[in-house]
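Worksheet: one structure, shown below.
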Amino acid sequence: MRYFFECGNFVELSLVELSCVLESYDISKDSINRVGEGILLVESNTVTEEVLDRIFQRLGGFIRYGQVIDDIDSFLLPFLKKEKITFGISALGNTNVALKDIQRLANEIKRGFKSNGVSSRFILPKQSELNAAQIFTNSVIENGFELCIFDTKAGRMYGSTLSIQDINAFIKRDLDRPSVDFDMGVLPQKLARMMCNFTGFKEGIIWDPFCGSGTILIEAATLGFDILGSDIDLNAIENSEKNIQWLSEEGLISHTRVKIFPLDIHSVPKKTLKEIKRTGISAIVCEPFMGPPQRKILGDGKADELLNKVRTLYESLFNIMNEISRPGFKVVLIIPSYRTKSGFKTISISSFIGKKWDVLNKKYTKGDLKWERNNSIITRNIFILSKR
Ligand SMILES: C[S@@+](CC[C@H](N)C(=O)[O-])C[C@H]1O[C@@H](n2cnc3c(N)ncnc32)[C@H](O)[C@@H]1O
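Going by my numbering, the sequence shown opens with residue 2, and the numbers climb by one from there.
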C-alpha cells in the first residue's frame, strides 16, 4: 500500500517529524519517499490503516494524508452503488492545475454518477485545495471522498484523503488557554507538537525546564506524555498550571501525571536534582529565553548579549542533563539566530554537547531544521540530541 502525506509550511520539519513518529511505531523511516514539493509517500504492506491514522493524529506538521490511487475509474466504482455522494478535488503542493480544470474533471465525474443514478454534490476548493473547514462542514470524507492530485518526479499521481489535520484543535489550545505571557515569547503550537514528536517516543515523561506559558507541556500532555515543567519565573509557573488545569477541564487530557515547579536552572539544589533523577524522565524538550519579540534588525551588541544568555542557560542545563540522563535519553532544543546588519548571528551546538551527545538531525535530513518566517528577525534552529 502507498500513502501520501501533505506537509505543512516547513517541509524539512515535517519530514523529520514523520520519520521520528514512524520509528516510534517500529516502522523504518526508509519507507518514506520524498516525491514532490511538500509531498511524502509512505510505502508499507504491514502497517494497518488504524495504526496509520493514530500516527497521523499525532503529527503537527501535516495537512492531510491518504491512499494513493492507481486507477481513478476503479476507485470510483464503489461510489456508484450509493444514492448520494459529496466529493471534492484538491491540487496539492505546487501542482499546476487551474480551478477551471478541477471543475471540468468534477463535471465529468458528476456525469458518470448521474448516468448511474447517483446524486452528487461537488465542493469546489476556494484556492487550489479544500481547506479543513470545507472538508469538515460538508463531511466530505464521511459522505464521499476528496480526490487529490499531485505532481511528483515520476509524473502526476492521484490519491484519496483519509484524514485532514484538525486545525481547530490546535487553534483552540493556542487561543482558548487561559494564561499566556507574550512578552516572554511563546512557541507556535504546531512547532511544540513537532518538537515533542522529534523525541521519537510516544510515551514517557517530558521535562520542559523553561516552560513559560506551557506550550510544550500542553502538546506533550495532549500526545499522552506525563509532564514535568519548571521555570525561574513564578508567573510562568502559574500560567502553565492554569493552562494544564484548563486542558484537563476541557477533557483534552486524562490520567496525565503533572508536576510544575519553580526552578532556576543555574542553581539546582542537590535534593531537587536527586528528585529529578528519580523521576525517570525520557526526554527534555525546550526553548530557552530568547529575549522579547523583536521588530527591528538587532545591533551586533544586542544579538551577542542575547546569545550569551542562551549560552549560559544551556551550559547550566547540560550540566544537569549530564547528571540525570542515561544512554538513549533525548533532548530537543532550540538555538536562536538573530538577524543583524552583518547577517544572522547564532551559537554552535558543539560548544555544549562535548563527547556525550549525538546530534541526530543529519540522520533524518540533509536540510536544516528551522522555523522561520520571511524577514523574521529571530530564526529558531532545532536540534535533536541523543545521549551516548
Ligand atoms: C521563551 S520562554 C519559553 C516559552 C515557552 N516555550 C512557551 O511557549 O510558553 C523562556 C522561559 O525561560 C525562563 N527562564 C529564563 N531564565 C531561566 C532560568 N535561569 N531558569 C529557568 N527558567 C528560566 C523564562 O522565565 C521564560 O519563561
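We put the beta carbon where it would ideally sit given N, CA and C, even for glycine.
Please read all numbers here as calculations on a predicted model, not as lab measurements.
For this session: Please find out if some non-hydrogen atom of ligand 1 comes closer than 8 Å to the beta-carbon of Thr223.
Result: What you label residue 223 is simply residue 222 of the sequence shown in a count that begins at 1. It does not: the Cβ of Thr223 is nowhere closer than 8 Å to a heavy atom of ligand 1.
Exercise. Where do the ends of the alpha helix (DSSP H) carrying Ile217 lie?
Worked result: Working through the sequence shown from its first residue, we reach residue 217 at position 216. Residues 216-223.
For this session: Could you tell me whether any non-hydrogen atom of ligand 1 is closer than 8 Å to the CB of Ser231?
Result: In the sequence shown, the residue the question calls residue 231 occupies position 230. Correct: Ser231 has its Cβ closer than 8 Å to ligand 1.
Problem set entry | Span separating the alpha-carbon of Asn362 from that of Glu24 | Within the sequence shown, residue 362 is the residue found at index 361, counting from 1. Within the sequence shown, residue 24 is the residue found at index 23, counting from 1. Whole-angstrom Cα-Cα distance: 15 Å.
For this session: Run through the stretch 313-352 for me and flag every whole beta strand (DSSP E) of 3 or more residues, listed as ranges in chain order.
Result: 331-341, 344-346
Exercise. So is Val43 buried or exposed if we call it buried at 16+ other beta carbons inside 10 Å?
Worked result: Here residue 43 refers to the residue found at position 42 when the sequence shown is read from its first residue. A buried status is given to Val43, since no fewer than 16 other beta-carbon atoms sit within 10 Å of its beta-carbon.
Exercise. Rounded to whole angstroms, how far is the Cβ of Glu147 from the Cβ of Leu125, which I believe are closer than 8 Å?
Worked result: Position 146 of the sequence shown, counted from the first residue, corresponds to residue 147. Position 124 of the sequence shown, counted from the first residue, corresponds to residue 125. Actually they are not in contact, since the Cβ atoms of Glu147 and Leu125 sit about 12 Å apart, beyond 8 Å.
Exercise. On the three-pair Cβ rule with 8 Å, is the stretch 182-202 touching the stretch 254-265?
Worked result: no
For this session: Could you check the C-alpha separation between Trp247 and Arg178 for me, to the nearest Å?
Result: If you number the sequence shown from 1, residue 247 lands on position 246. If you number the sequence shown from 1, residue 178 lands on position 177. Taking the straight line from one Cα to the other gives about 7 Å.
Exercise. When you compare only the Cα positions, how much space is there between Gly368 and Leu14?
Worked result: Stepping through the sequence shown from its first residue, residue 368 is reached at position 367. Stepping through the sequence shown from its first residue, residue 14 is reached at position 13. Spanning the two alpha carbons is a distance of roughly 9 Å.
For this session: Within its chain, find whatever has a CB closer than 7 Å to the CB of Thr216; leave out the 5 residues flanking it on each side and keep chain order.
Result: Here residue 216 corresponds to residue number 215 of the sequence shown, with the count starting at 1. Val187, Leu188, Gln190, Ala193, listed in sequence order.
Problem set entry | Among Asp265, Ser283, Lys30, nearest to Leu386 - alpha-carbon criterion | The residue given as residue 386 occupies position 385 in the sequence shown. For the residues Asp265, Ser283, Lys30, the minimum Cα distance to Leu386 belongs to Ser283.
Exercise. For Ser164, which residues from the same chain have a beta carbon less than 8 Å from its beta carbon, with the 5 sequence-adjacent residues on both sides left out?
Worked result: Residue numbering aside, residue 164 sits at position 163 when the sequence shown is read from its first letter. If we look at Ser164 and ignore the five residues flanking it on each side, its Cβ neighbours are Asp54, Phe57, Gln58, Arg65, Tyr66, Gly67, Ile142.
Exercise. Does the separation of the CB atoms of Ile245 and Asp227 fall below 9 Å?
Worked result: In the sequence shown, the residue the question calls residue 245 occupies position 244. In the sequence shown, the residue the question calls residue 227 occupies position 226. No.
Exercise. How about Val286: is its C-beta nearer than 9 Å to some C-beta of chain B?
Worked result: Any reference to chain B falls outside this structure, which holds one protein chain only.
Problem set entry | Cβ neighbour criterion (16 or more within 10 Å) applied to Arg381 | The residue you call residue 381 lines up with position 380 of the sequence shown. By the neighbour-count rule (16 or more Cβ atoms within 10 Å), Arg381 is buried.
For this session: Run the CB neighbour count on Asp71, radius 10 Å, all protein chains shown included, and call it buried at 16 or more, exposed below.
Result: Here residue 71 corresponds to residue number 70 of the sequence shown, with the count starting at 1. Burial call: exposed.
Problem set entry | Asp209 burial status per 10 Å Cβ neighbour count (16 or more: buried) | Here residue 209 is taken as the residue at index 208 of the sequence shown, counted from 1. It is buried - the Cβ of Asp209 has at least 16 other Cβ atoms within 10 Å.
For this session: Taking only the alpha-carbon atoms, compute the straight-line gap between Leu100 and Lys83 and give it to the nearest angstrom.
Result: By one-based count along the sequence shown, residue 100 stands at place 99. By one-based count along the sequence shown, residue 83 stands at place 82. Approximately 27 Å between the Cα atoms of the pair.
Exercise. Would the beta-carbon of Gly61 be found less than 8 Å away from any heavy atom of ligand 1?
Worked result: Taking the sequence shown and counting its residues from 1, the one referred to as residue 61 is at position 60. Closer than 8 Å to some heavy atom of ligand 1: that does not describe the Cβ of Gly61.
Exercise. Using the C-alpha atoms, what's the distance from Phe137 back to Glu373?
Worked result: Locating residue 373 in the sequence shown gives position 372, where the first residue counts as 1. Locating residue 137 in the sequence shown gives position 136, where the first residue counts as 1. In a straight line, the C-alpha of Glu373 is about 29 Å away from that of Phe137.
Exercise. Beta-carbon separation of Ala269 and Ile354 under 9 Å?
Worked result: Here residue 269 corresponds to residue number 268 of the sequence shown, with the count starting at 1. Here residue 354 corresponds to residue number 353 of the sequence shown, with the count starting at 1. The amino acid at residue 269 is misidentified as Ala; the sequence shows Val. Not a contact, by the Cβ cut-off of 9 Å.
Exercise. Could you give the distance in angstroms between the alpha-carbon of Phe63 and the alpha-carbon of Phe5?
Worked result: Working through the sequence shown from its first residue, we reach residue 63 at position 62. Working through the sequence shown from its first residue, we reach residue 5 at position 4. About 11 Å.
Exercise. Taking Ser377 as the reference, which of Gln295, Arg327, Leu308, Ile335 has the closest Cα?
Worked result: Working through the sequence shown from its first residue, we reach residue 377 at position 376. Checked all of Gln295, Arg327, Leu308, Ile335; the closest Cα to Ser377 is Gln295.
Exercise. By how many angstroms is the C-alpha of Glu288 removed from the C-alpha of Leu370?
Worked result: As a working note, residue 370 is residue 369 in the sequence shown. As a working note, residue 288 is residue 287 in the sequence shown. If you take the alpha carbons of Leu370 and Glu288, they lie about 14 Å apart.
Problem set entry | Residues near Met196 by beta carbon distance below 7 Å, same chain, minus five either side | On the sequence shown, residue 196 is found 195 positions in, with the first residue counted as 1. Excluding positions up to five away in sequence, the list reads Ile217, Val286, Val333, Ile383.
Exercise. When you compare only the Cα positions, how much space is there between Ser45 and Lys30?
Worked result: Along the sequence shown, one-based indexing puts residue 45 at 44. Along the sequence shown, one-based indexing puts residue 30 at 29. Rounded to whole angstroms, Ser45 to Lys30 spans 11 Å at the Cα level.
For this session: Enumerate, from N- to C-terminal direction, the unbroken beta strand (DSSP E) stretches of 3 or more residues contained entirely within the stretch 230-304.
Result: 259-263, 284-287
For this session: Throw me the rounded Cβ distance for the Tyr339 and Lys346 pair, which I believe falls under 8 Å.
Result: Numbered from 1 along the sequence shown, position 338 holds the residue referred to as residue 339. Numbered from 1 along the sequence shown, position 345 holds the residue referred to as residue 346. Contact flag correct, Cβ pair sits at about 5 Å.
Exercise. Looking only at C-alpha atoms, which of Gly281, Thr200, Leu318, Val36 sits nearest to Asp152?
Worked result: In the sequence shown, counting from the first residue as 1, residue 152 sits at position 151. With distances taken between CA atoms, Asp152 lies nearest to Val36 out of Gly281, Thr200, Leu318, Val36.
Exercise. Candidates Gly225, Leu307, Tyr365, Cys8: which alpha carbon is nearest Pro337's?
Worked result: The residue given as residue 337 occupies position 336 in the sequence shown. It is Leu307 whose Cα lies nearest to the Cα of Pro337.
Exercise. Which residues share a DSSP beta bridge with Arg381?
Worked result: Counted from its first residue, the sequence shown places residue 381 at position 380. Paired residues: Pro337, Trp372.
For this session: Whole angstroms is fine: what's the gap from Arg122's alpha carbon to Phe88's?
Result: Taking the first residue of the sequence shown as 1, we reach residue 122 at position 121. Taking the first residue of the sequence shown as 1, we reach residue 88 at position 87. Those two C-alpha atoms are separated by around 6 Å.
Exercise. From what residue to what residue does the beta strand (DSSP E) around Tyr4 run?
Worked result: Sequence index remark: in the sequence shown, residue 4 carries index 3 (1-based). Counting along the chain, the beta strand (DSSP E) containing Tyr4 begins and ends at 3-8.
For this session: Excluding the 5 residues preceding and the 5 following Thr96 in the sequence, name in chain order all residues of the same chain whose CB lies nearer than 6 Å to its CB.
Result: Mapped onto the sequence shown, residue 96 falls at position 95. Cβ neighbours of Thr96 beyond the five flanking positions: Ile150, Phe151, Asp152.
For this session: Can you grab the Cα-Cα spacing for the pair Ile233 / Gly213, in whole Å?
Result: Here the question's residue 233 lines up with position 232 in the sequence shown. Here the question's residue 213 lines up with position 212 in the sequence shown. The alpha-carbon atoms of Ile233 and Gly213 are separated by roughly 9 Å.
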